[in-house]
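In this note's numbering, the protein residues as written are 44 to 391. Glycine included, every Cβ here is placed at the ideal spot set by N, Cα and C. These notes concern the structure reproduced below.
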Amino acid sequence: MNPYVLAILLSSLGMGTTLTFASSHWLLAWMGLEINTLAITPLMAQQHHPRAVEATTKYFLTQATAAAMILFAATTNAWITGEWDINNLSHPIASTMTITALALKIGLAPMHFWLPEVLQGLDLLTGLILSTWQKLAPFALIIQVAPTIDPLMLTTLGLLSTLIGGWGGLNQTQVRKILAYSSIAHMGWMIIILQYAPQLTLLALGTYIFMTSTAFLSLKMASATKISTMTMMWSKAPILASTTALALLSLGGLPPLTGFMPKWLILQEMAKQELPLTATIMALAALLSLYFYLRLCYAMTLTISPNTTNATTPWRVKTTQSTIILALSTTIALGLLPIAPAILALTT
């Protein structure tokens with residue numbers, strides 16, 4: 044892609060998200076979401092591969108539907124209350140339509156069906172943008188409208204997302220689909236705690252972005268998109284295989300790693316709110332996700348690729364890709380747990 048065109052598209056992505064962040068008026072927020080969708084569409088279709096074009100079409104139709112629902116909900120609310128202010132979403136019909144549309148935007152269950160299919164058709168860097176940056180603008184709106192949403196609906200969305208995100212990834216062989224289901228499960232954790240402690244939602248979103256960035260950038264460096272190609276990582280780049288395995292375990296929420304922090308704090312907050320059953324279901328759903336992360340780690344570190352080749356073995360090849368961003372995100376994804384009290388003090 045032409046670097047000038049790429050620069051325009053990436054700056055439009057940034058502008059769309061910033062516009063949604065800064066707006067208190069529904070029309071401005073809607074415009075920000077639309078700019079976001081239109082800016083990422085050419086990035087998704089740049090491969091000119093039938094799968095990429097199909098994924099782009101599915102994404103565009105889904106996002107257009109969600110944007111139309113948001114506009115309809117905002118118009119309904121303005122018609123009933125006479126105000127376009129985001130924080131003044133007082134009518135239950137408008138608030139229910141809004142949260143449904145925003146859930147469709149970020150891929151919360153049961154509006155999640157498009158996400159694995161779309162992510163599967165993209166290359167890893169565009170998939171990274173879709174899994175991280177594209178979640179920010181809808182999340183900003185969800186956090187603003189959360190006080191007006193029915194708590195039962197938020198809890199249902201959260202529980203369904205963590206369960207479906209855990210179950211859906213069990214039988215997958217494509218790494219991008221596994222990361223899509225991982226995204227759905229993490230979104231569930233963020234949504235369920237939103238009504239009780241919005242700062243924990245932001246903390247979970249921040250750690251999720253760093254952990255997912257590490258996973259995608261590591262896979263990009265290893266050129267691995269299937270579990271079978273991940274089996275060759277150990278012989279090619281042992282250190283990269285080790286850090287990728289740790290990053291995946293961090294996504295699963297294992298204790299010495301960063302990913303344990305948001306899950307621990309969310310479960311602790313739910314126990315404080317006297318919701319032991321919900322907390323138990325969430326913890327058990329996290330075990331489902333942990334199983335498929337362990338499966339990836341097993342394939343990567345404990346198995347050897349069955350391929351026999353007479354060509355020169357690409358053993359510890361020198362890479363031409365920049366590794367600074369990967370090194371930074373890996374450090375954050377693995378080592379933030381010891382400073383959890385400081386982070387908690389900053390967020391409260």
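Any idea which residues DSSP pairs residue i with across the strands?
i      : result
Asp128 : His68
Lys269 : Gln217
Taking the alpha helix (DSSP H) that residue i belongs to, which residues open and close that run?
i      : result
Leu171 : 167–174
Leu345 : Neither: Leu345 is in no alpha helix (DSSP H) and is coded neither H nor E.
Gly378 : 367–378
Asn163 : Here residue 163 turns out to be Gln, not Asn, going by the sequence shown. Element bounds for Gln163: 157–163.
Quick one: measure Cβ to Cβ for residue i and residue j, integer angstroms, because I've assumed they're closer than 8 Å.
i      : j      : result
Ala258 : Ala290 : 5 Å
Leu203 : Met87  : With 8 Å as the limit, Leu203 and Met87 do not qualify as a contact, their Cβ atoms being about 27 Å apart.
Ser393 : Ile78  : Residue 393 falls outside the range modelled here, since the chain spans only 44 to 391, and no answer is possible.
Thr321 : Met313 : 6 Å
Leu62  : Met44  : 24 Å between Cβ atoms; not a contact.
Val393 : Thr141 : Limits of the chain in this structure are 44 at one end and 391 at the other, which puts residue 393 out of reach.
Gln215 : Ile221 : 5 Å
Could you check what DSSP says for residue i in three-state terms: helix, strand or coil?
i      : result
Glu317 : coil
Leu195 : helix
Pro85  : helix
Ala239 : Just to set this straight, residue 239 is Tyr in the shown sequence, not Ala. Three-state result, Tyr239: coil.
Met44  : coil
Leu76  : helix
Pro384 : helix
Gly59  : helix
Pro153 : coil
Gly209 : helix
Gln364 : coil
Thr391 : coil
Can you find a heavy atom of the ligand SAH that lies under 7 Å from the Cβ of residue i?
i      : result
Tyr336 : The ligand SAH is not part of this structure, which contains no ligands at all.
(request) Note down, one range per segment and in chain order, each alpha helix (DSSP H) of at least 4 residues found wholly within the stretch 251–314. (result) 270–273, 276–279, 281–295
(request) Give, in chain order, every unbroken run of the alpha helix (DSSP H) that is at least 4 residues long and sits entirely within the stretch 90–140. (result) 93–124
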